[in-house]
Structure formats: C-alpha cells, structure tokens
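*Asks:*
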Amino acid sequence: MSTKKVLLIIVSLICCVFNANANHINLITDTIFSWANFTQTGWATIGSYMACGGNFYCGADFYCGGNKYFLQPHPSDSDKVIAYIAIESGEALTLARGMSVTKGGQSEIVLPDHFSLVTSPDIPVTVLLTPEKSPATLYVKQKSKEKIIIAVKAAEYSEFGDVEFSYQVTGVRDGFENSKAIRDASNIDDTTNISLKQKRMKTKLRVFKEMEKIKDEEKRLKIKSEQTKQ
Numbered sequence: 054m055s056t057k058k059v060l061l062i063i064v065s066l067i068c069c070v071f072n073a074n075a076n077h078i079n080l081i082t083d084t085i086f087s088w089a090n091f092t093q094t095g096w097a098t099i100g101s102y103m104a105c106g107g108n109f110y111c112g113a114d115f116y117c118g119g120n121k122y123f124l125q126p127h128p129s130d131s132d133k134v135i136a137y138i139a140i141e142s143g144e145a146l147t148l149a150r151g152m153s154v155t156k157g158g159q160s161e162i163v164l165p166d167h168f169s170l171v172t173s174p175d176i177p178v179t180v181l182l183t184p185e186k187s188p189a190t191l192y193v194k195q196k197s198k199e200k201i202i203i204a205v206k207a208a209e210y211s212e213f214g215d216v217e218f219s220y221q222v223t224g225v226r227d228g229f230e231n232s233k234a235i236r237d238a239s240n241i242d243d244t245t246n247i248s249l250k251q252k253r254m255k256t257k258l259r260v261f262k263e264m265e266k267i268k269d270e271e272k273r274l275k276i277k278s279e280q281t282k283q
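Counting with the working numbering, you get residues 54 to 283 for the letters of the sequence shown.
(1) Per the contact definition of three or more C-beta pairs closer than 8 Å, is the segment 105 to 120 in contact with the segment 193 to 210?
(2) Assuming D269 and K250 form a contact by the criterion Cβ under 8 Å, report the distance between their Cβ atoms to the nearest whole angstrom.
(3) Looking only at DSSP bridge pairs, what is G151 linked to?
(4) Using only alpha-carbon positions, find the residue among G214, D166, R253 that is nearest to G112.
(5) Ends of the beta strand (DSSP E) at E185?
(6) Bridge partners of V193, per DSSP?
(7) Between the Cα of A234 and the Cα atoms of F123, P128, E144, which residue gives the shortest distance?
(8) The alpha helix (DSSP H) with L170 in it runs from where to where?
(9) Note down the Cα distance separating R150 from S160, rounded to an integer number of angstroms.
(10) Would you kindly work out how many angstroms separate the C-alpha atoms of V180 and I276, rounded to a whole number?
(11) Identify, in the order they occur along the chain, each residue of the same chain with its Cβ nearer than 6 Å to the Cβ of G224, setting aside the five sequence neighbours on each side.
(12) Taking all protein chains shown into account, do 16 or more other C-beta atoms lie within 10 angstroms of the C-beta of V134, making it buried, or fewer, making it exposed?
(13) Measure the alpha-carbon distance for G214 versus F123 and round it to whole angstroms.
(14) Applying the criterion that 16 or more other CB atoms from any shown protein chain within 10 Å of the CB defines a buried residue, is Y137 buried or exposed?
(15) Short of 6 Å in beta carbon distance, which residues of its chain neighbour I202, apart from the five on each side in sequence? Order them along the chain.
(16) Taking DSSP's pairing of strands, which residues face Q125 in a bridge?
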C-alpha cells in the first residue's frame with residue numbers, strides 16, 4: 054500500500070471520529086469508520102467497508118456495488134437482526150400509498166404535499182388499485198401528481214355499493230427524468246443527463262449543509278465562551 058493511500062486512510066479516520074466533513078478530500082481507501090456523522094460532497098471510493106454510527110450525508114449521487122440494507126434488532130432473538138433490502142429500479146421513483154373508500158361510487162384522494170413536491174409533472178403517474186372485501190371493478194377516472202379520482206364501474210355499483218380499496222401511486226422524481234440505467238463502465242458517473250433542476254437542488258443542499266456547519270460552530274463557540282466565564 055502506498056504512503057499516500059495510508060495517509061488518506063488516517064485522515065479519513067480522523068475526520069470521521071471527530072464528526073468532520075470530508076467534502077474537500079477525494080477519499081480512496083479500504084475502510085472508513087465513523088462514530089459520529091459523516092458528510093461527503095466530493096468523491097469517496099471505499100474498497101471494502103464503511104461503518105457510520107451517526108448520520109451519513111451525501112451531497113451528490115451514491116453508488117453501491119452491493120445491496121442497501123436497513124437493519125433492525127430481532128424483537129424476540131437478541132442474537133439476530135432483520136436485514137431489509139432497498140427496492141431497486143431503473144428510474145428515480147417516488148411513491149404514495151394508502152387506503153380509501155368510495156362514496157356514491159367515487160373517491161377523490163388528495164396526495165401528500167411531500168409527494169407532489171418531489172414528483173415530476175412531465176411523466177404521468179401510475180396507479181395500482183386493489184378492492185377490499187368486494188370483487189367490484191375499480192378504475193382511475195382522473196390522475197395527477199396532486200390527486201387521483203377513483204370510481205366503481207357503474208354496472209357493478211348497484212350490486213356492490215361503495216367499495217373499500219388500497220392504492221399505490223408511483224411517479225418519477227422531478228429533475229431526474231432522464232437518468233440512464235445502462236452506462237459505459239468507463240463513465241459510471243455519467244453527468245451528461247443531469248438536468249438544471251438537479252444542479253440547482255444540489256447547490257441548495259450544499260448551501261444548507263454549510264449553514265448547518267456555521268450554526269454548529271457558533272453554538273460550540275457560545276458554549277465555550279460561557280464555560281470560560283464560569
């Protein structure tokens with residue numbers, strides 16, 4: 054292992070232990086351990102293992118050659134954990150789901166603000182419907198990223214009446230409509246299709262994180278000043 058690589062590993066470990074932000078370091082290392090929060094807005098190539106005991110913030114894209122898990126302690130066996138894997142897709146999807154019931158053969162569902170705010174207006178949402186406790190036929194009468202209107206087939210309403218149902222609405226993240234699933238191996242970080250919305254969003258997020266750092270530093274200095282007075 055080269056001297057430069059050893060030094061980078063040492064620097065990365067120091068940054069992580071003391072809750073530092075490694076946004077100005079291009080990390081090329083085998084292992085990173087973080088017992089606090091870790092923020093990376095530049096490149097961080099990790100050859101084998103990264104452990105982060107706090108929050109992990111990535112200001113750009115995050116690439117992973119394996120699965121992305123969340124771990125949860127097993128409720129009845131302390132020697133085991135439950136490992137759930139993130140759902141994968143060739144698109145940057147957004148999702149809203151829930152339960153509803155028709156009234157007078159129809160149901161208007163206003164989708165959550167957080168869904169409509171991040172979902173593209175340029176690609177139509179798709180809607181999945183499952184009738185509950187009834188074999189009635191449901192259909193999508195109207196749809197947008199803000200709301201959906203669901204109706205019972207008129208010929209079946211007289212037989213089944215109003216119907217309880219579950220729904221799932223899927224959209225594409227605003228600004229990420231042109232993300233490519235198949236890329237050249239020599240250019241995995243393909244920036245040719247980055248939209249103006251993506252660039253603006255990433256800039257705003259970086260500014261937000263910098264403001265957080267300033268506030269944290271001001272808070273630290275204030276505490277230190279009060280301790281000095283005492």
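Think of the CB as a built atom: it goes at the ideal place given N, C-alpha and C, for glycine as much as any other residue.
*Replies:* Per the coordinate set shown:
(1) With the cut-off at 8 Å, the segment 193 to 210 and the segment 105 to 120 do not touch.
(2) With 8 Å as the limit, D269 and K250 do not qualify as a contact, their Cβ atoms being about 29 Å apart.
(3) According to DSSP, G151 bridges with Y220.
(4) Checked all of G214, D166, R253; the closest Cα to G112 is R253.
(5) Looking at the DSSP string, the run of the beta strand (DSSP E) that includes E185 is 179 to 185.
(6) Beta-bridge pairing links V193 to I203.
(7) With distances taken between Cα atoms, A234 lies closest to E144.
(8) Segment 166 to 171, the alpha helix (DSSP H) holding L170.
(9) R150 and S160: Cα-Cα distance of roughly 14 Å.
(10) If I take the Cα positions, the gap works out to 52 Å.
(11) Scanning its chain for C-beta atoms nearer than 6 Å, with the 5 sequence neighbours on each side dropped, one finds around G224 the residues T147, T172, V178, K198, in chain order.
(12) Exposed is the label assigned to V134, since fewer than 16 other Cβ atoms lie within 10 Å of its Cβ.
(13) Their Cα atoms are separated by approximately 42 Å.
(14) Under this definition Y137 is an exposed residue.
(15) In chain order, E161, K194, Q195 place their CB closer than 6 Å to the CB of I202, counting only its own chain and leaving out the 5 sequence neighbours on each side.
(16) For Q125, the beta-bridge partners assigned by DSSP are I135.
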